[in-house]
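Worksheet: one structure, shown below.
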Amino acid sequence: MFSGYSLPELGAIFAMQGFAGLILFSVFVLMALGLAIIFGQMGVINMAHGEFMILGAYVTYLVSQAFATYAPALFGAYFFVAMVLAFCASGLLGMFVEWAIIRHLYKRPLDTLLATWGLSLILQQSFRSLFGAREVGVTIPSWMMGSLPLTDLIEVPINGIFVMVLALGISAAVYVMMFKSGWGRQVRAVTQNRTMAGAVGIDTERTDRLTFGIGCGVAGIAGAAFTMIGSTGPTSGQAYIVDTFLVVVFGGAASLLGTIASAFSISQAQSILEFFLSGSMAKVITLLVVVGILMLRPQGLFSIKLRK
Amino acid sequence: MTKTSFLKRDEAVGFAILALIIFIVFPLMLDDFRLNLFGKYLTYAFVAVGLVLCWGAGGILSLGQGVFFGLGGYCMAMFLKLEASTPEATAIQSTPGIPDFMDWNQISALPIWWQPFNSFGFTVLAILAVPALFSLIIGFAMFRRRVGGVYFAIITQAIAAIATILIVGQQGYTGGVNGITDLRTLMGWDIRPDSAKTALYFVNAVLLFACLFIAMAIRKSKFGRVLVAMRDAEDRVRFSGYDVASFKIFIFCVGAMMASVGGAMFTLQVGFMSPTIVGIVPSIEMVIFCAVGGRHSLLGAVYGALLVNWARTTLSESFPELWLFGLGGLFIAVVLAFPNGLAGLYDDYVKPRLKLSRRNHAAKPSNPQLAE
Numbered sequence: 006m007f008s009g010y011s012l013p014e015l016g017a018i019f020a021m022q023g024f025a026g027l028i029l030f031s032v033f034v035l036m037a038l039g040l041a042i043i044f045g046q047m048g049v050i051n052m053a054h055g056e057f058m059i060l061g062a063y064v065t066y067l068v069s070q071a072f073a074t075y076a077p078a079l080f081g082a083y084f085f086v087a088m089v090l091a092f093c094a095s096g097l098l099g100m101f102v103e104w105a106i107i108r109h110l111y112k113r114p115l116d117t118l119l120a121t122w123g124l125s126l127i128l129q130q131s132f133r134s135l136f137g138a139r140e141v142g143v144t145i146p147s148w149m150m151g152s153l154p155l156t157d158l159i160e161v162p163i164n165g166i167f168v169m170v171l172a173l174g175i176s177a178a179v180y181v182m183m184f185k186s187g188w189g190r191q192v193r194a195v196t197q198n199r200t201m202a203g204a205v206g207i208d209t210e211r212t213d214r215l216t217f218g219i220g221c222g223v224a225g226i227a228g229a230a231f232t233m234i235g236s237t238g239p240t241s242g243q244a245y246i247v248d249t250f251l252v253v254v255f256g257g258a259a260s261l262l263g264t265i266a267s268a269f270s271i272s273q274a275q276s277i278l279e280f281f282l283s284g285s286m287a288k289v290i291t292l293l294v295v296v297g298i299l300m301l302r303p304q305g306l307f308s309i310k311l312r313k
Numbered sequence: 013m014t015k016t017s018f019l020k021r022d023e024a025v026g027f028a029i030l031a032l033i034i035f036i037v038f039p040l041m042l043d044d045f046r047l048n049l050f051g052k053y054l055t056y057a058f059v060a061v062g063l064v065l066c067w068g069a070g071g072i073l074s075l076g077q078g079v080f081f082g083l084g085g086y087c088m089a090m091f092l093k094l095e096a097s098t099p100e101a102t103a104i105q106s107t108p109g110i111p112d113f114m115d116w117n118q119i120s121a122l123p124i125w126w127q128p129f130n131s132f133g134f135t136v137l138a139i140l141a142v143p144a145l146f147s148l149i150i151g152f153a154m155f156r157r158r159v160g161g162v163y164f165a166i167i168t169q170a171i172a173a174i175a176t177i178l179i180v181g182q183q184g185y186t187g188g189v190n191g192i193t194d195l196r197t198l199m200g201w202d203i204r205p206d207s208a209k210t211a212l213y214f215v216n217a218v219l220l221f222a223c224l225f226i227a228m229a230i231r232k233s234k235f236g237r238v239l240v241a242m243r244d245a246e247d248r249v250r251f252s253g254y255d256v257a258s259f260k261i262f263i264f265c266v267g268a269m270m271a272s273v274g275g276a277m278f279t280l281q282v283g284f285m286s287p288t289i290v291g292i293v294p295s296i297e298m299v300i301f302c303a304v305g306g307r308h309s310l311l312g313a314v315y316g317a318l319l320v321n322w323a324r325t326t327l328s329e330s331f332p333e334l335w336l337f338g339l340g341g342l343f344i345a346v347v348l349a350f351p352n353g354l355a356g357l358y359d360d361y362v363k364p365r366l367k368l369s370r371r372n373h374a375a376k377p378s379n380p381q382l383a384e
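If you read the sequences in order, they're chains U and C.
Offset between the first sequence (1-based) and my numbering: plus 5.
Offset between the second sequence (1-based) and my numbering: plus 12.
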């Protein structure tokens, strides 16, 4: 498969595909971060995670429309407003869902899976009724267009770099929240031992609701970032949900670093294989390898020792 | 009654009522078109019955049953396609005698793994053996390492995703996104006219009852009891000296084979097989058939499969936008409000009253809608 390419060309291919892989990596990381909070920390399977992401994307779309109509002068900055609003919209919906559905099901994880799948169907149909079945795209602000030439052969798109920086920034924020703040300590305490956490005075119900809300909010931000590199349709979220769950499981459910490492390896493998094989075969091989490794090492790449 | 040693009175009545509905009421009430549709629903009931064993009794939730359904369906479709692709029927192709989609994809010879499907005996064997082997591999890898519950569900779902991508991607060998279509005859018997569909409906019904009896036998056996014990307290069963993994692997294989038989019958009844029936969405819908009927009830699963599919057809005919809301609501309602499904509702509300009325009027005949 390498024949016919000279060495510098191969290097350039790997660099370009590697960069395309980095963009995919950013999307995976953004989606998986929310899931790593919800699934990794709380142990809740949220099959509607993709739809929370799409909600963020639609919010971004609406905000960009509003800016284009009412404040065209500030159009370059709309993304930051959209990001905050997307976080709030997805987060609030997440807290409502936790209150209405999830809190009744903490002891039945498989049933949560079914209920949130139902929720995802309802959300999909709502998006379709509200925004139509066709995919919508946003106009990227002008400063995000174009690409940076690194060498003669290698060019990198600016919107890709932006999404990547965003992914890293939010990963850092989530890390600080989970592992350095008082709230994160409460979340981890509640997950590890609900009864004892309650006994030492943590409001477990409030913590659960907030955790779920923040996880969904991060998905909303992921959706906002998603609009910068692709268009959004009612079912776009479902396309990513399996990959995202695999990323989280492959990384080791409770480990944030593991999630990032697995997002990196899966996205790089997929994007480099894509150049040499057809897109579908690249995906099949990547997923098969991941599933195979998970069968051999069910606890994932990075596991935290827990007494169960 | 001769079966009293095997079935309790309630269960025998339940079986009799289901048989009455499927063998007599439906064929008399429905026209050919609707009966064919119900034949299709019956093929889904095979999967639901398998899921009652895996999920209801064994506690193993597989979100990849569509893969096994598809394996059976594709095996049958390959046989039928080869029978339909005689050199005479495909004379206009650049390579006559191979399936039309292969010709469209510039494949000039029948791939080697297609060739055994010229034989009906091999096909029937494959319908049972391929999913069994496949589920054996998955089950062996997962259950030996004590992967269960949520992780098992996610990984089986990933397998369903892989299967769909693979089938769609390898268009020349699998018919791609359209699937294998234009199937005509089974050993010379034309499967397309209404009379054949009606006959297939009855074949489906007989096979489904065979599956139900096998499932019932498994549940009544000591094996079934160990399975339930394992679901409720896996460690205790393990510490009592049972090899938990082998039990799980076995029941997972049984569920897979039932799904596969359903898939093969689906291909016959509907006349095509496509990757849309294999993927993540149909696989998880198969779980809802079982959940609506009642995850612990074999007969309930059949009612669940029939009801949900019937509701889908009716709703999406008249209100297409409403169906997804309905299905989504059903998922949530079944989990939150009645986790034991229709069978649970029957046990909680109908059965006590029946017992009461039976006690009051000992001679009065009862007519329960649902029973287990």
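Note that beta-carbon positions come from the ideal geometry of N, C-alpha and C, so glycine has one too.
From a predicted model like this one, the values you see are computed outputs, not experimental measurements.
Three-state secondary structure assigned by DSSP to residue i
i, result
"Val141(U)", "strand"
"Leu42(C)", "coil"
"Glu160(U)", "strand"
"Ile277(U)", "helix"
"Tyr150(U)", "First, the residue type needs correcting, since residue 150(U) is Met and not Tyr in the sequence shown. Coil, per DSSP."
"Phe19(U)", "helix"
"Met100(U)", "helix"
"Thr197(C)", "strand"
"Ile192(C)", "strand"
"Asp244(C)", "helix"
"Asp360(C)", "helix"
"Asp206(C)", "helix"
"Asp22(C)", "helix"
"Ile298(U)", "helix"
Supposed close pair residue i, residue j - CB separation, criterion 8 angstroms
i, j, result
"Ile289(C)", "Phe81(C)", "7 angstroms"
"Val247(U)", "Ala173(C)", "5 angstroms"
"Phe72(U)", "Tyr63(U)", "The Cβ separation is near 15 angstroms, so there is no contact."
"Phe343(C)", "Ala120(U)", "6 angstroms"
"Met169(U)", "Leu27(U)", "6 angstroms"
"Gly276(U)", "Ala25(U)", "For the sequence presented, residue 276(U) should be read as Ser rather than Gly. So it is a contact: roughly 5 angstroms between Cβ atoms."
"Val304(C)", "Val346(C)", "6 angstroms"
"Ile265(U)", "Leu278(U)", "Contact flag wrong, Cβ pair sits at about 21 angstroms."
"Leu261(U)", "Ala41(U)", "6 angstroms"
Any chain C beta carbon closer than 7 angstroms to residue i
i, result
"Gln275(U)", "no"
"Met149(U)", "no"
"Val49(U)", "no"
"Leu171(U)", "no"
"Gln130(U)", "yes"
"Trp122(U)", "yes"
"Lys313(U)", "Note that Lys313(U) scores 42 on pLDDT, short of 50, meaning its location in the model is unreliable; the coordinates nonetheless yield the value given after this. Judged by the 7 angstroms Cβ criterion, Lys313(U) is not in contact with chain C."
"His109(U)", "yes"
"Pro239(U)", "no"
"Ile127(U)", "yes"
"Asp116(U)", "yes"
Residue-level contact to chain U via CB, residue i, 7 angstroms cutoff
i, result
"Arg388(C)", "It is not possible to answer for residue 388(C), since the shown part of chain C is limited to 13 through 384."
"Gly70(C)", "no"
"Ile177(C)", "yes"
"Ala170(C)", "yes"
"Val162(C)", "yes"
"Phe343(C)", "yes"
"Val347(C)", "yes"
Cβ-Cβ distance between residue i and residue j below 7 angstroms
i, j, result
"Gly291(C)", "Thr176(C)", "yes"
"Ser267(U)", "Phe250(U)", "no"
"Met277(C)", "Gly62(C)", "no"
"Arg157(C)", "Pro114(U)", "no"
"Ser152(U)", "Glu160(U)", "yes"
"Met182(U)", "Gly174(U)", "no"
"Tyr86(C)", "Met285(C)", "yes"
"Ala355(C)", "Gly306(C)", "yes"
"Arg243(C)", "Gly71(C)", "yes"
"Gly45(U)", "Ala224(U)", "no"
"Met58(U)", "Gly238(U)", "no"
- [ ] Jot down the residue ranges of each uninterrupted alpha helix (DSSP H) in the stretch 204–252 of chain U, minimum 4 residues, whole runs only, in chain order.
- [x] 209–231
Open item on the list: At 3 residues or longer, what runs of the beta strand (DSSP E) sit wholly inside the stretch 104–184 of chain C?
Closed with: none
Open item on the list: Could you tell me which whole alpha helix (DSSP H) segments of length 4 or greater appear in the stretch 269–339 of chain C?
Closed with: 292–305 and 310–330
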